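No gaps in the numbering here: position 526 of the sequence shown is 713 in this note's numbering, and each next residue is one more. Ideal Cβ positions, reconstructed from N, Cα and C, are used throughout, including at glycine. Predicted model, so just to flag it, every value in this text is computed and none were measured. One structure below.
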Amino acid sequence: MLLEAYLEEVAATAIRSALELEGSVMPLLRPTADAQFGDFQINAAMPLAKKLGRPPRELAGPIAEALQREPAIEKAEVAGPGFVNLTLRPAWVGEQLEAMLRDVDKLGVPLVESPETIVVDFSSPNIAKQMHVGHLRTTVIGDSVSRLLGAVGHRVIRDNHIGDWGTQFGLLIVGMREFGDAEELERDAIAELERVYKLASARAKEDEAFAEQARAELARLQAGDADNRALWEQFVTATRASLDRVYALLGVEFDEWLGESAYHDALPEVVERLLSAGIAREDQGALCVFFGELSAAPKGLRKQKEPFIVRKKDGAFLYSTTDIATVLHREQQFRADRSVYVVDARQSLHFRQLFAVMGLLEVNMRLDHVAFGTVLGDDGKPLRTRDGQPITLFSLLTEAEERAGARIDEARESGKLRIADEDLAFAKRAIGIGSVKYADLHQNRMSDYRFDWDKMISFAGNAAPYLMFNYARTRSIFDKASASLGASEEFATFAAPVVPEHATEIALARTLIRFPDVVHRAAETYQPHLLCEHLYSVATAFSRFFTECPVLKAEGATRSSRLGLTALVGRQLERGLGLLGIPVITRM
Ligand code: ARG
Numbered sequence: 188m189l190l191e192a193y194l195e196e197v198a199a200t201a202i203r204s205a206l207e208l209e210g211s212v213m214p215l216l217r218p219t220a221d222a223q224f225g226d227f228q229i230n231a232a233m234p235l236a237k238k239l240g241r242p243p244r245e246l247a248g249p250i251a252e253a254l255q256r257e258p259a260i261e262k263a264e265v266a267g268p269g270f271v272n273l274t275l276r277p278a279w280v281g282e283q284l285e286a287m288l289r290d291v292d293k294l295g296v297p298l299v300e301s302p303e304t305i306v307v308d309f310s311s312p313n314i315a316k317q318m319h320v321g322h323l324r325t326t327v328i329g330d331s332v333s334r335l336l337g338a339v340g341h342r343v344i345r346d347n348h349i350g351d352w353g354t355q356f357g358l359l360i361v362g363m364r365e366f367g368d369a370e371e372l373e374r375d376a377i378a379e380l381e382r383v384y385k386l387a388s389a390r391a392k393e394d395e396a397f398a399e400q401a402r403a404e405l406a407r408l409q410a411g412d413a414d415n416r417a418l419w420e421q422f423v424t425a426t427r428a429s430l431d432r433v434y435a436l437l438g439v440e441f442d443e444w445l446g447e448s449a450y451h452d453a454l455p456e457v458v459e460r461l462l463s464a465g466i467a468r469e470d471q472g473a474l475c476v477f478f479g480e481l482s483a484a485p486k487g488l489r490k491q492k493e494p495f496i497v498r499k500k501d502g503a504f505l506y507s508t509t510d511i512a513t514v515l516h517r518e519q520q521f522r523a524d525r526s527v528y529v530v531d532a533r534q535s536l537h538f539r540q541l542f543a544v545m546g547l548l549e550v551n552m553r554l555d556h557v558a559f560g561t562v563l564g565d566d567g568k569p570l571r572t573r574d575g576q577p578i579t580l581f582s583l584l585t586e587a588e589e590r591a592g593a594r595i596d597e598a599r600e601s602g603k604l605r606i607a608d609e610d611l612a613f614a615k616r617a618i619g620i621g622s623v624k625y626a627d628l629h630q631n632r633m634s635d636y637r638f639d640w641d642k643m644i645s646f647a648g649n650a651a652p653y654l655m656f657n658y659a660r661t662r663s664i665f666d667k668a669s670a671s672l673g674a675s676e677e678f679a680t681f682a683a684p685v686v687p688e689h690a691t692e693i694a695l696a697r698t699l700i701r702f703p704d705v706v707h708r709a710a711e712t713y714q715p716h717l718l719c720e721h722l723y724s725v726a727t728a729f730s731r732f733f734t735e736c737p738v739l740k741a742e743g744a745t746r747s748s749r750l751g752l753t754a755l756v757g758r759q760l761e762r763g764l765g766l767l768g769i770p771v772i773t774r775m
């Protein structure tokens, strides 16, 4: 059940009956800023007072009285100029938690009423280059957004739109002939391609004939020349192998790998369509969309002088042309209702322009750019190696595993962690890589963040290991419970009436009841950090509960209610971390 939607309805009914109104009313339900004032507040009295010409407190009084009679509400109080503060009734909250426990598969998260087919376009690195830290965010956020959208019931198609068709291939082909080492290409393809590319692009800058040759090779490749095509395939295959290694570490998968090359044949038609619809026109030999000249274009773009170029003077198509073809393909082949682009905020103008062109072409697909900021180093500049090179994603993830490994070894020696030898390798990887993912996901994605190993691999603060550790605690309580009382107390299926009584139990219950809302909001707004915030509050509330409320030593209904809370904490942590792409460790 979605709590806020339910309360909105309850509040709307209460307002209508208290004030004898008809038709729809907006209760303006908000979570309270401070738990001491209750769980939610209703702000409707202020705008209604204006409309009805009465003092707001005079309206808030009867609204509060009507709400007070609701089974979900413990206390409804008028505060300030006319807010109504609501405190949920613990027994009612307990009932909802019990229902969540019984809903083993979905944990109370309802499915959306109209499921959509959604393409999530993420990661999308360029061929012939290693993935570097710049690809971390798109890959990790895109994976989590895909999981979240799937969890609320959408059909998700994960598409890796790799850059496998740009001008770099002309340079790589001539470069390979001029400076290449076939043996090295066999041994360590990406390193060799990066080396050759650097030499070739430097040479092209000062040697016009060489640059011309590169353009000619590119044109031959694009025209289907067999030799060039074979070389290109070799570049792509080699890069794929190195990408796959990184995706395996991250546990990230795709349904489609429709790179830029997949759309090559569709591009002339795209341009035709733009021309015949009067959206693009020629300008100094190039074909461009000038938004300022199109009265149907969005206002914000109409002031933009920069055109959206779809074909260069020399006839070459661009990134933008390919992206238009891609949307059309997703419409025709996938019947997609929505495309979501998880791409760096620096490309936001590109996407605004692309989306505007699709609107002008009357393509009826929802298009969203899920933008994000930059990963910074200690110096506040984009994270790089000591000698100024971008850090490869592979080495970053390997380092994460090593650093987590060292922490784990230390904590095991001092007895703080109990991870069995056979689980150790898995735990080091899960904690190392999980820490990097969580550090990224728990930030509002629009902000830049500083990469800080010590904060991210922490068993105490807002970090993956802390959440994983608390998950393992819930499992250990269940191990002990079922050892003494048998298989009916299985962690994964346990359900019982939940009756929160102790203040820390009530606080924990109030946090747990929000899980379905949080998952929906995180999916709807593409903000995994909302889920991180929830999981962190669950873990901290559980820690307090763990010290103040004995579970196994309690008896009867109290014991089973506390076991219920513990199970729900564990399952929300497991499910929630799963939606962030982070595995759990059962014993630690
Ligand atoms: N390959 C591009 C880059 O590295 C990202 C592609 C994003 N997806 C898209 N459909 N434009 O910048």
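Tell me which residues share the same chain as residue 717 and place their Cβ nearer than 7 angstroms to its Cβ, disregarding the 5 neighbours each side in the sequence. Reading the sequence shown from its first residue, position 530 is the one you call residue 717. For residue 717, where only same-chain residues beyond five positions count, the Cβ hits under 7 angstroms are 705, 708, 709.
Tell me, which residues are paired with residue 346 by DSSP? Counting from one through the sequence shown, the residue named residue 346 turns up at place 159. DSSP output for residue 346 lists 308, 443 as bridge partner(s).
Any chance the CB of residue 353 is under 6 angstroms from a heavy atom of the ligand ARG? For this step, residue 353 is matched to residue 166 along the sequence shown. Residue 353: no, Cβ never under 6 angstroms from the ligand ARG.
Any idea if residue 291 is buried or exposed, counting beta-carbon neighbours within 10 angstroms, 16 or more meaning buried? Position 104 of the sequence shown, counting from 1, holds the residue named residue 291. Result: exposed.
Identify the continuous beta strand (DSSP E) that holds residue 618 and give its terminal residues. As a working note, residue 618 is residue 431 in the sequence shown. Taken as a continuous stretch (DSSP letters only), residue 618 belongs to no beta strand (DSSP E), being part of the alpha helix (DSSP H) at 611 to 628.
Is residue 530 close to the ligand ARG? I mean its beta-carbon at under 6 angstroms from any heavy atom of the ligand. Indexing the sequence shown from 1 puts residue 530 at position 343. Yes; taking the cut-off as 6 angstroms, the Cβ of residue 530 has a heavy atom of the ligand ARG nearer than that.
Shortest alpha-carbon distance to residue 684 belongs to which of 188, 199, 285, 428? Within the sequence shown, numbered from 1, the residue matching residue 684 stands at position 497. Nearest of 188, 199, 285, 428 to residue 684, Cα basis: 285.
Could you check where the beta strand (DSSP E) with residue 474 kicks off and where it finishes? Counting from one through the sequence shown, the residue named residue 474 turns up at place 287. 473 to 476 is the span of the beta strand (DSSP E), which, as asked, contains residue 474.
By a C-beta neighbour count over all protein chains shown, 10 Å radius and 16 as the cutoff for buried, is residue 667 buried or exposed? Locating residue 667 in the sequence shown gives position 480, where the first residue counts as 1. Exposed is the call here.
Would a C-beta distance cut-off of 7 angstroms place residue 347 and residue 422 closer than the cut-off? Mapped onto the sequence shown, residue 347 falls at position 160. Mapped onto the sequence shown, residue 422 falls at position 235. Contact: no.
Nearest-angstrom Cα distance between residue 526 and residue 342? For the purposes of this step, residue 526 is taken as the residue at position 339 of the sequence shown. For the purposes of this step, residue 342 is taken as the residue at position 155 of the sequence shown. When rounded, the distance between both Cα atoms is 12 angstroms.
Whether or not the segment 383 to 398 and the segment 360 to 371 are in contact is what I'm after, with contact meaning three or more pairs of Cβ atoms, one per stretch, closer than 8 angstroms; do they touch? yes
In whole angstroms, what is the alpha-carbon distance linking residue 344 and residue 307? Your numbering for residue 344 matches position 157 in the sequence shown. Your numbering for residue 307 matches position 120 in the sequence shown. Distance between the alpha carbons of residue 344 and residue 307: 6 angstroms.
What's the gap between the Cα of residue 479 and the Cα of residue 302? Position 292 of the sequence shown, counting from 1, holds the residue named residue 479. Position 115 of the sequence shown, counting from 1, holds the residue named residue 302. Those two C-alpha atoms are separated by around 36 angstroms.
Are the beta-carbon atoms of residue 484 and residue 543 separated by less than 7 angstroms? On the sequence shown, position 297 is the one that residue 484 refers to. On the sequence shown, position 356 is the one that residue 543 refers to. Yes, the pair counts as a contact, with Cβ atoms nearer than the cut-off.
Residue 415 lies in the alpha helix (DSSP H); which residues open and close that run? Here residue 415 refers to the residue found at position 228 when the sequence shown is read from its first residue. Residue 415 -> alpha helix (DSSP H) spans 413 to 437.
Could you work out which residue in 650, 245, 254 is closest to residue 204 when comparing CA atoms only? Here residue 204 refers to the residue found at position 17 when the sequence shown is read from its first residue. Per the Cα distances, 254.
Does the Cβ-Cβ distance between residue 665 and residue 678 come in under 7 angstroms? The residue labelled residue 665 in the question sits at position 478 within the sequence shown. The residue labelled residue 678 in the question sits at position 491 within the sequence shown. In this structure, residue 678 lies closer than 7 angstroms to residue 665 by Cβ.
Using 8 angstroms as the threshold, is the segment 548 to 566 in touch with the segment 629 to 648, meaning 3 or more CB pairs across them? yes
How long is the line joining the alpha carbons of residue 332 and residue 299, rounded to whole angstroms? In the sequence shown, counting from the first residue as 1, residue 332 sits at position 145. In the sequence shown, counting from the first residue as 1, residue 299 sits at position 112. Rounded to the nearest angstrom, the two C-alpha atoms are 15 angstroms apart.
Just checking my contact of residue 699 with residue 738 at CB under 8 angstroms: how many whole Å lie between their CB atoms? Within the sequence shown, numbered from 1, the residue matching residue 699 stands at position 512. Within the sequence shown, numbered from 1, the residue matching residue 738 stands at position 551. 15 angstroms between Cβ atoms; not a contact.
Could you give the residue range of the alpha helix (DSSP H) that holds residue 381? Here residue 381 is taken as the residue at index 194 of the sequence shown, counted from 1. Unbroken alpha helix (DSSP H) run through residue 381: 376 to 393.
What three-state label does DSSP hand residue 396 in the structure shown? Your numbering for residue 396 matches position 209 in the sequence shown. It is helical.
Any chance you could list the beta strand (DSSP E) runs of at least 3 consecutive residues sitting entirely within the segment 268 to 295, in chain order? 270 to 275
If you draw a straight line from the alpha carbon of residue 531 to that of residue 325, how long is it in whole angstroms? As a working note, residue 531 is residue 344 in the sequence shown. As a working note, residue 325 is residue 138 in the sequence shown. Those two C-alpha atoms are separated by around 7 angstroms.
Less than 8 angstroms between the CB atoms is what I'm expecting for residue 338 and residue 296, so what's the real figure, rounded? By 1-based counting over the sequence shown, the position of residue 338 is 151. By 1-based counting over the sequence shown, the position of residue 296 is 109. Yes, they are in contact, since the Cβ atoms of residue 338 and residue 296 sit about 6 angstroms apart, within 8 angstroms.
Give a single yes or no on whether residue 721 has its beta carbon closer than 6 angstroms to a heavy atom of the ligand ARG. As a working mapping, residue 721 is identified with position 534 in the sequence shown. Every heavy atom of the ligand ARG is 6 angstroms or more from the Cβ of residue 721, so no.
Looking only at DSSP bridge pairs, what is residue 264 linked to? Position 77 of the sequence shown, counted from the start, is the residue given in the question as residue 264. Partner(s): 272.
Just how far apart, CA to CA, sit residue 702 and residue 662? For this step, residue 702 is matched to residue 515 along the sequence shown. For this step, residue 662 is matched to residue 475 along the sequence shown. So the alpha carbons of these two residues sit roughly 20 angstroms apart.
Hey, would you say residue 591 sits closer than 7 angstroms to residue 644, going by beta carbons? Stepping through the sequence shown from its first residue, residue 591 is reached at position 404. Stepping through the sequence shown from its first residue, residue 644 is reached at position 457. Cβ atoms of residue 591 and residue 644: closer than 7 angstroms.
Grab me the residues of residue 318's own chain with a C-beta within less than 6 angstroms of its C-beta, minus the 5 sequence neighbours each way, in chain order. Taking the first residue of the sequence shown as 1, we reach residue 318 at position 131. Cβ within range, chain order: 312, 433, 580.
Limits of the unbroken beta strand (DSSP E) element including residue 491: The residue given as residue 491 occupies position 304 in the sequence shown. It is not in any beta strand (DSSP E) - residue 491 carries neither H nor E in the DSSP assignment.
Rank 609, 749, 740 by C-alpha distance to the C-alpha of residue 671 and give the top, closest one. Position 484 of the sequence shown, counting from 1, holds the residue named residue 671. Selected option, being the one with the closest Cα: 740.
Kindly examine the ligand ARG and report whether one of its heavy atoms sits closer than 6 angstroms to the Cβ of residue 313. Counting from one through the sequence shown, the residue named residue 313 turns up at place 126. Yes.
To the nearest angstrom, report how far apart residue 227 and residue 251 are at their CA atoms. The count along the sequence shown starts at 1 and reaches residue 227 at position 40. The count along the sequence shown starts at 1 and reaches residue 251 at position 64. Going by the C-alpha atoms only, they are around 13 angstroms apart.
Thinking just about the alpha-carbon of each residue, which of 314, 560, 773 is nearest to the one in residue 533? Taking the sequence shown and counting its residues from 1, the one referred to as residue 533 is at position 346. The candidate whose alpha carbon is nearest that of residue 533 is 560.
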